[in-house]
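First the structure, in the form of structure tokens, and then the observations on it.
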Amino acid sequence: MAENAVKQNNEVVVDKATSSWSDLWKKEDYWAIWLGFLILTVGAIIFFNNKPADMDAKFAKQNAIMTEEAARAPFKTVAWYEAQTAKEKIKAKNAPIGKAINDFMSKPQKWTTNPLNAFIQTQEQADAKNAAAMPKYEKAKAAATAAKTVALEAQLKAEKAGFKDAELNASASSSIESWLKLRAKESSAKKKIKNKPFNLIPSLIALMIGFGLFFAIGMRFIDGDAKTFLKGFGLVFAVAIASYLMANQATMKQYGIGYAAWAIAIGLVISNTIGTPDWAKKALQVEFFIKTGLVLLGAEVLFNKVVAIGIPGIFVAWVVTPVVLITTFIFGQKVIKMPSKTLNMVISADMSVCGTSAAIAAAAACKAKKEELTLAIGLSLVFTSIMMIVMPAVIKATGMPFILGGAWMGGTIDATGAVAAAGAFLSEKALYVAATIKMIQNVLIGVTAFGIAIFWATKVEAVEGQKVHAMEIWHRFPKFVLGFLTASVIFSIVYSSLGSDAGFTMIDQGVLRGFSRIFRGWFFCLSFAAIGLATNFRELKHYFKGGKPLILYVCGQSLNLCLTLLMAYLMFYVVFPDITSKI
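Residue numbers (numbering that gives the first Met the number 0): 0 to 582.
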């Protein structure tokens, strides 16, 4: 839709003469939705036509075991967990076509000293890695086997007592939890003995051409200049490849310095030294790339996951988050006196909601400058890297219950991937709780964008004596959020109609993780690369005056940490302990 506005009868209204349905083909927000749903549709067609063999029969068999075990014991038994694992191994993405898609869209792999190893691995190199990892795997396997024996013995003792001895039940449950941790280590070690030869160079070249043409279609309609976009896209893609390469270097991977930080950093180095060439600037479509990725992210926000953890998770994610966002914005304006309201809002949304995704939505809603968005995302990435390492250590050192720790991390660490990594440091339950709460929090991306659009149109930029027409709010509202929400609703409905087991296999472990999420990762990386290439330090310099953005982020995140921990404790251990006991 057109965004020209005129004053009529003290109302700010849209110039209807410039508004038409043809604009649906000219806005990047709409093209982000079209392209996002194209990917989701193709993924659905592929995976729903490649259903795992005997899927329903296998589910029925394992569900019968789980039902029997749940009725037999007051805790989840070894057999219950083994049945659950058997179900989780039935994944649509493991079908031949799923594996082929994953291989074709692979990013540079892990390497230590020779960057070429990230792109090419011979059979000899694969065999050498497998041989080197085998002793560790065998040790992990032996430890898991021994732990399982101990767990079964403890479980048998509890069973002989008719499961009426609380102490024996607790001992069995503890032994099973220990076995699960060692089994997870065995699984991790097993992956390292499955190295295969690869050559990613041909597929990466094909991806560069494919992604370039994919977005060029949209650019052709948005401004009619697809050729110039294609000329510069190679540089953006090259920076994206370099960022994945650096993120997968062994030391960088260990410290959690991810592709997003590298993409921005490499882009900044280029733009602030030799300068981003003029012929490449047309390809720096930051919002187009990431908005398309955010539409795909919407499909991953499944309502069943929101419901799965119950009311405690909803309170942690949906009560604390808006309180922190509003408080941080007011603090920035009244106490720190941030000179830029848009920067204040983008940092507040980034820190309180869910990192870069929320920052993009907030920036679009309040029309923030690209330099402000870059600064907010940069702060987020730095603190995310620190928090994903420090928080699990603090939780372990203080003896905090892992479910509480997972809820705390899920509500405070910005990036979804970092949340999952931090949760995995603790336990499977912590990972589950942390990832689920972050998913619940992601729902607020759309709500936040809508709220900011209304606030900015009616309060921040309102002119005294004028009424703001509803269409002005509509034009300010980032339309891609509608795609995000629509994708969430559609895939949640499809997931529910299939049932939890088939939904997990076909949607979560098929269309999403086996297809759309791979695209989303690439699109986000392209966006971060474009951000770096489009940003000049001289344009950022005045935003750092007095260190106000850093002070705002630290103070806001401190409030977020305290309130989230308090709310998580109250909800999971005081108000709803019965729900916690069933996790």
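Beta carbons are placed, not taken as given, at the ideal position from N, Cα and C, and that holds for glycine.
Check: Range covered by the alpha helix (DSSP H) that runs through residue 381; Outcome: 369 to 397
Check: Pair within 9 Å by beta-carbon distance, residue 335 and residue 547; Outcome: yes
Check: Integer Cβ distance of residue 119 from residue 150, believed to fall under 8 Å; Outcome: That belief does not hold up - the Cβ atoms of residue 119 and residue 150 are roughly 43 Å apart, past 8 Å.
Check: Inter-residue Cα distance where the pair is residue 327 and residue 488; Outcome: 30 Å
Check: Nearest candidate by alpha-carbon position, reference residue 255, set 106, 387, 127, 378; Outcome: 387
Check: Residue from 42, 575, 265, 56 with nearest C-alpha to residue 311; Outcome: 575
Check: Uninterrupted alpha helix (DSSP H) stretches inside the segment 295 to 367 (no shorter than 4 residues); Outcome: 302 to 307, 309 to 317, 319 to 330, 340 to 348, 355 to 365
Check: Own chain, CB closer than 8 Å to residue 77, minus 5 neighbours either side, in chain order; Outcome: 147, 150, 151, 154, 175, 178
Check: Cβ contact (3+ pairs, closer than 8 Å) linking the segment 315 to 331 and the segment 269 to 282; Outcome: no
Check: Whether residue 559 touches residue 350 by CB criterion (9 Å); Outcome: yes
Check: Rounded C-alpha distance that separates residue 2 from residue 480; Outcome: The predicted model places residue 2 with a pLDDT of 39, which falls under 50 and marks its position as unreliable, so this point remains unresolved.
Check: Per-residue burial, residue 508 [other beta carbons within 10 Å of its own, 16 or more giving buried]; Outcome: buried
Check: Between the CA atoms of residue 220 and residue 20 - distance to the nearest angstrom; Outcome: Low confidence applies to residue 20: its pLDDT is 43, below 50, so where it sits in the model is not reliable, and the reading given next is rough at best. Computed Cα separation, rounded: 13 Å.
Check: Assigned secondary structure, residue 120 (DSSP; H/G/I helix, E/B strand, else coil); Outcome: strand
Check: Spatial distance of residue 36 from residue 295 (CA atoms); Outcome: 8 Å
Check: When 72, 322, 513 are compared against residue 167, the one with the closest alpha-carbon; Outcome: 72
Check: Spatial neighbours of residue 440 in its chain, beta-carbon cut-off 7 Å, leaving aside the 5 residues before and after; Outcome: 316, 320, 352, 353, 410
Check: Complete runs of the alpha helix (DSSP H) confined to the segment 219 to 297 [at least 4 residues]; Outcome: 225 to 246, 249 to 253, 258 to 271
Check: Buried or exposed (CB count within 10 angstroms, at least 16 for buried), residue 455; Outcome: buried
Check: Sequence-distant residues of its chain with Cβ nearer than 6 Å to residue 141 (five each side left out); Outcome: none
Check: Where residue 476 sits in the DSSP three-state scheme; Outcome: coil
Check: Bridge partners - residue 455, DSSP secondary structure assignment; Outcome: Answer by DSSP bridge pairing: none, since residue 455 is not bridged.
Check: Stretch pair the segment 218 to 233 + the segment 281 to 299: three plus CB contacts closer than 8 Å; Outcome: yes
Check: Where residue 62 falls: helix, strand or coil (DSSP); Outcome: helix
Check: For residue 266 and residue 531, believed in contact at Cβ under 8 Å, the rounded distance; Outcome: 2 Å
Check: Status (buried if at least 16 other CB within 10 Å, exposed otherwise) for residue 373; Outcome: buried
Check: Within 9 Å, strictly: CB atoms of residue 197 and residue 31; Outcome: no
Check: Cβ pair residue 214, residue 291 closer than 9 Å; Outcome: yes
Check: Whole-angstrom distance between residue 329 and residue 181, CA atom to CA atom; Outcome: 47 Å
Check: Touching by the beta-carbon criterion (3+ pairs, under 8 Å), the segment 156 to 167 and the segment 128 to 135; Outcome: no
Check: Alpha-carbon to alpha-carbon, residue 355 and residue 445; Outcome: 13 Å
Check: Own chain, CB closer than 7 Å to residue 519, minus 5 neighbours either side, in chain order; Outcome: 292, 295, 296
Check: One or two residues paired with residue 110 in a DSSP bridge; Outcome: 248
Check: Contact the segment 98 to 116 vs the segment 78 to 85: 3+ CB pairs below 8 Å; Outcome: no
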